[in-house]
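Here is the structure we will look at.
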Amino acid sequence: MGKRKWYFLTVLPICSLTASAYEIGVIDPDLKDPDRFDTEFGFERNHERMTALALECLYAANRDSKKIVHEPVRCENYSPDSSTYALFSASSSQLLEPARVDHAINNYLDLIKHVRFPDDPTRMLKYKGTIPKFVELVKVDCKIRKLSGPIDATTDGMLCASHYGSWQFMHAMANDDGIKASDTRKLINQWLSFTYKIASEDTEIDITEGYCDYWDKKEHTYPDLAAVMYNQGYRDKKWCESRCGSFLRCLNPFLDDLPPWTVGTTFNLYCKNPIDSGICNTYKHGPTTDSQIRKAALGSMLHLIQDSFSNAHTERIVNDRKPTVDCKPIVRYRSYTHQSSSNHGTTDKWPTFSPECENSDIYDPILASAKVIYHVHKKTKSDLFPFDLNKIFGKNPTPENKSEAGKAFE
Ligand SMILES: [Zn+2]
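If you count the sequence shown from 1, you need to add 519 to reach the working numbering.
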């Protein structure tokens, strides 16, 4: 059976691939595939496209040298509605314009894959065999799990946590109704600072440090985030020590023990088993793996920033289902608990960019993404984040603004 037909059978029965995100394509985009930004069976590759536009913006500011030295201040040369991108139009270096050959921007093209991280943290959409498991989890199993209490990464897995539970801040959403906007914003700030330090190779965070040692500290730099990223379950499941793994694995004397989780493991999980996600593959720390971990951390930042402009995720004064990007401050985070998935999905389609973004104090998601990649590349040192996060999210909204579905999304 041909590749496309196979996707068709797997994917057609679901109405929306992910529960809470600007849409992503069905499977990891292949950098060599000329159709990598195409909509397939109704799924738009919107995070991939926003990231491609951010890279084009960064390249436009630095076209004259092989290096990335200028911070983009505006992204004026892009068409937000385009579906082809010059940076991705040539698959071999012979076809590139001379300025592109060996340009530093080429190191970041694979961000169109890594931006998918919060939607697919264990890379099930990387392998054909695990697509059905992904769909079943997101559309059925995670929802059933949520009926019996809050969803958590250790008990229910990272995929469920990201779509319906404690990790929903990675999509700029609250994980339930009634959560103070300031609490969601705290998690967002701490996550962006944590991932920025990983992405920019700040020595303050050692990605090879033990996961439990790092997150289970009394006085943590990121106290609210630590409460989400760690609980006793990590130790109870022995994820922080060497272990043989499952019953069957332990019987096999030829298999190596599974390594203890490190800080980087969050970004280094590849669940290839088509049925079970109990044991996922990780790659040993080293230059190649660590560079992928740092890229996934950066991808998660871009994803969060981009999602924060979806009206289904946040209320930026605007309160309807039209997919628009409005460069206004966030006044409230939305929650998926009482949202209709089809109403939510309408808004996660490709947005129209409001003209007022040109003169707003708030960066649009493409300029914000381009700036983040620039600072990561320059390794700009910062206590929290290399630029004022209010330029993305607006000033912290009043705490009384508690999360809810939003009238247009019930
Ligand atoms: Zn998302």
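The C-beta atom is built at its ideal place from N, Cα and C for all residues, glycine as well. Small disclaimer: the values here were computed from a predicted structure and weren't measured.
Reduced DSSP category for residue i - H, G, I as helix; E, B as strand; rest coil
i, result
"Y789", "strand"
"S712", "helix"
"T784", "helix"
"G684", "coil"
"G676", "coil"
"I762", "Inspection of the sequence shows that residue 762 is occupied by Arg rather than by Ile. In this structure, R762 counts as strand in the three-state DSSP scheme."
"C534", "Here the model assigns C534 a pLDDT of 38, short of 50, so the residue's position is not dependable and the matter cannot be decided."
"T833", "strand"
"G752", "helix"
"F636", "coil"
"K926", "helix"
"T570", "helix"
"E877", "helix"
"D660", "helix"
"V654", "helix"
DSSP beta-bridge partners of residue i
i, result
"K665", "None, per the DSSP bridge assignment."
"K699", "K921"
"V891", "BP columns for V891 are empty, so no partner."
"T843", "T871"
"A693", "S854"
"G729", "T781"
Candidates the options: closest to residue i by CA position
i, options, result
"L706", "V545, L823, P669", "L823"
"H690", "M748, Q825, G864", "Q825"
"D547", "R568, I631, F560, L774", "I631"
"L665", "K586, G561, A680", "Here residue 665 is Lys; the residue named in the question, Leu, does not match the sequence. It is A680."
"K926", "F688, T570, T722, H863", "H863"
"P553", "V747, Y578, R593, F607", "F607"
"L774", "S761, E834, T781", "S761"
"Y730", "R704, S922, K757", "K757"
"G783", "V620, R555, Y733", "Y733"
"G648", "I892, C759, I794", "I794"
"E563", "P806, V545, A623", "V545"
"C846", "L903, G797, N909", "N909"
Opening and closing residue of the alpha helix (DSSP H) in which residue i lies
i, result
"E931", "Absent from the structure is residue 931, since the part of the chain shown begins at 520 and ends at 929."
"L777", "Run containing L777: none; DSSP gives neither H nor E here."
"F904", "Neither: F904 is in no alpha helix (DSSP H) and is coded neither H nor E."
"G797", "Counting along the chain, G797 falls outside any alpha helix (DSSP H), and DSSP gives it neither H nor E."
"H589", "Counting along the chain, H589 falls outside any alpha helix (DSSP H), and DSSP gives it neither H nor E."
"R813", "806 to 826"
"F607", "Neither: F607 is in no alpha helix (DSSP H) and is coded neither H nor E."
"S861", "860 to 866"
"P553", "Careful: P553 lies outside any alpha helix (DSSP H) and carries neither H nor E."
Beta-carbon contacts of residue i that lie in its chain and below 7 Å, excluding the five residues immediately before and after
i, result
"V588", "N581"
"E575", "Y597, Y604, A605, L606"
Near ligand 2: residue i beta-carbon under 6 Å from a heavy atom
i, result
"D660", "Here the bound small molecules are ligand 1; ligand 2 is not part of this structure."
Proximal residues to residue i (C-beta, below 6 Å), its chain only, five neighbours per side dropped
i, result
"D735", "Y749"
"C769", "C763"
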